[in-house]
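Note that my numbering has the sequence shown beginning at 16, numbered continuously upward. Beta carbons: idealized from backbone N, C-alpha and C, even for Gly. Note that the structure is predicted; figures quoted are calculated from it, not measured.
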Amino acid sequence: MHSRVPIGILGATGMVGQRFIQLLEHHPWFEVAWLAASDRSSGKPYGEAAKWRLDTPLPARIERMMVSPAEPEGAPNVIFAALDAAIARDMEPRFAAAGCAVISNSSAFRMAPDVPLVIPEVNADHLPLIETQSWRRESGGYMVTNPNCSAIGLVLALKPIQDRFGIEQIFVTTMQAVSGAGYPGVPSMDILGNVVPYIGSEEEKMEAETLKLLGHIDTRSAGRTITPLAARISASCNRVQVEDGHTESVSIKLATPATREEILAAWNEFRPLAGLHLPSAPAQPIEFAPQNDRPQPRLDRNRGRGMAVTVGRLRPCNLLDWKFTLLSHNTIRGAAGAAILNAEILHSSGDLVPRGPVSHREQPEPVAATPSHA
Ligand SMILES: NC(=O)c1ccc[n+]([C@@H]2O[C@H](COP(=O)([O-])OP(=O)(O)OC[C@H]3O[C@@H](n4cnc5c(N)ncnc54)[C@H](OP(=O)(O)O)[C@@H]3O)[C@@H](O)[C@H]2O)c1
Numbered sequence: 016m017h018s019r020v021p022i023g024i025l026g027a028t029g030m031v032g033q034r035f036i037q038l039l040e041h042h043p044w045f046e047v048a049w050l051a052a053s054d055r056s057s058g059k060p061y062g063e064a065a066k067w068r069l070d071t072p073l074p075a076r077i078e079r080m081m082v083s084p085a086e087p088e089g090a091p092n093v094i095f096a097a098l099d100a101a102i103a104r105d106m107e108p109r110f111a112a113a114g115c116a117v118i119s120n121s122s123a124f125r126m127a128p129d130v131p132l133v134i135p136e137v138n139a140d141h142l143p144l145i146e147t148q149s150w151r152r153e154s155g156g157y158m159v160t161n162p163n164c165s166a167i168g169l170v171l172a173l174k175p176i177q178d179r180f181g182i183e184q185i186f187v188t189t190m191q192a193v194s195g196a197g198y199p200g201v202p203s204m205d206i207l208g209n210v211v212p213y214i215g216s217e218e219e220k221m222e223a224e225t226l227k228l229l230g231h232i233d234t235r236s237a238g239r240t241i242t243p244l245a246a247r248i249s250a251s252c253n254r255v256q257v258e259d260g261h262t263e264s265v266s267i268k269l270a271t272p273a274t275r276e277e278i279l280a281a282w283n284e285f286r287p288l289a290g291l292h293l294p295s296a297p298a299q300p301i302e303f304a305p306q307n308d309r310p311q312p313r314l315d316r317n318r319g320r321g322m323a324v325t326v327g328r329l330r331p332c333n334l335l336d337w338k339f340t341l342l343s344h345n346t347i348r349g350a351a352g353a354a355i356l357n358a359e360i361l362h363s364s365g366d367l368v369p370r371g372p373v374s375h376r377e378q379p380e381p382v383a384a385t386p387s388h389a
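What follows is the structure in structure tokens.
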């Protein structure tokens, strides 16, 4: 029997940190071995430091585990990071420089040219960017990021359409859950009975990340670079009084015409990870809900164990070509589950655990551009 890879969680006490703990309990490949958070929490047992917010019990082993200071010394060399961007900007590079694989949730380095921003079903071929990182050469450490919690659902729904018909314009309006703001997040006096039509930097993140994710890797230049998708995109982001699950209304203009049946077939047949047996990958990444009043956060956010995006209400758009509604779970597919799936695809090709400075070993084979047995 193979032993599981010990992993650490940075920001373990927060909303996303808690999801990591929940999703990694009984994970067949990874085992939580180290938890870290701020000075407020370090030195305390996790059960005392964290206010557990999830609807499954806090595992007893984790409850007793001591929270460590957020320093690389003593940490395992695979780290799931769930830190605020302002803190991640300084802290994540220190872990990568110390030789850790940093599988990050924060926005701090998502748009850095040498950092892959990855959804395994969409752009696993961007992962070889890690070989261009200075940390990789010097310590073997590296960084991989997953997208903003609204961008991820949007891009999953757009990818099969882009592949078959091309997309020229994207117009998206979000209705985002309060858990997206972390804990305690949005004050109840601001959100109860209300909609807040502003989420700081969210629209800019959605627009930029969507085009990077749907872009292509250019290996002709000396280093590898990402050329973003040449489409126009406009996002409007709103906070609504939903606990979990981001809903989005999307309109798109296509490069070549498509019928409703062709778009439904593109979604239905989209299974790029089939055959890889990644534990967190949903069998059907995009599920279509045919009912007029779906998807809804309460009814559809847990499809595919929170890892599937639900699409519905596909209909012609009077301004662009087609419009539809989508829903994805923001702290599972939009955060912890996304990072775990990134780690799984790296692990499946033997590239997750850093193997020391690249200069001290043979140049590694790049991660397979697309899963070879998919
Ligand atoms: N919530 C979502 O739906 C979502 C989705 C996608 C991405 N993200 C991103 O994921 C990250 C975490 O989000 P969250 O919602 O989990 O936030 P959160 O609930 O506010 O949790 C923040 C975590 O960071 C820790 N922390 C704060 N200051 C620290 C420091 N100086 N050193 C070490 N740890 C420190 C906190 O520890 P203490 O408890 O000790 O303060 C806590 O564990 C953010 O970058 C966010 O944008 C969130």
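Residue i versus residue j - alpha carbon distance
i    : j    : result
S83  : E146 : 30 Å
F303 : E284 : 11 Å
W67  : G23  : 18 Å
I94  : V137 : 23 Å
E377 : R370 : No answer about E377 holds up, because its pLDDT of 46 lies below 50 and its placement is not dependable.
P297 : L291 : 11 Å
P212 : R254 : 6 Å
L279 : T325 : 12 Å
F180 : A116 : 36 Å
Q33  : V368 : 23 Å
H41  : M126 : 33 Å
F45  : R330 : 42 Å
A112 : N333 : 51 Å
Residue i in three-state terms, based on DSSP
i    : result
K174 : helix
F339 : strand
L132 : strand
E183 : strand
L25  : strand
N92  : coil
I145 : helix
V211 : strand
M30  : helix
M80  : coil
V193 : helix
V368 : coil
M106 : helix
Limits of the unbroken alpha helix (DSSP H) element including residue i
i    : result
R318 : No alpha helix (DSSP H) holds R318; DSSP gives it neither H nor E.
W150 : 149-153
A64  : 61-64
M221 : 217-228
A116 : Per DSSP, A116 belongs to no alpha helix (DSSP H); it is in the beta strand (DSSP E), 116-119.
S363 : 352-363
L204 : The residue you asked about is not Leu; residue 204 is Met in the sequence shown. Where M204 is concerned, the enclosing alpha helix (DSSP H) stretches over 203-206.
Host beta strand (DSSP E) of residue i (start-end)
i    : result
R328 : 324-331
H231 : 231-233
M158 : 157-160
Cβ-Cβ distance between residue i and residue j below 7 Å
i    : j    : result
I167 : A289 : no
A97  : A123 : no
G260 : L342 : yes
L38  : I355 : yes
I248 : I185 : yes
T262 : M322 : no
L269 : D178 : no
I118 : A358 : yes
M30  : G197 : yes
Contact test: residue i Cβ vs ligand 3 heavy atom, cutoff 6 Å
i    : result
C164 : Absent from the structure shown: ligand 3. Ligands present: ligand 1.
Test: residue i CB closer than 7 Å to a CB of chain C
i    : result
S363 : Included in the structure is just one protein chain, with no chain C present.
For the segment 34-73, which segments carrying the beta strand (DSSP E) assignment without a break, of at least 3 residues, lie completely within its bounds, in sequence order?
45-52
At which residue ranges does the segment 237-304 contain complete alpha helix (DSSP H) runs of 4 or more residues, listed in the order of the chain?
275-283
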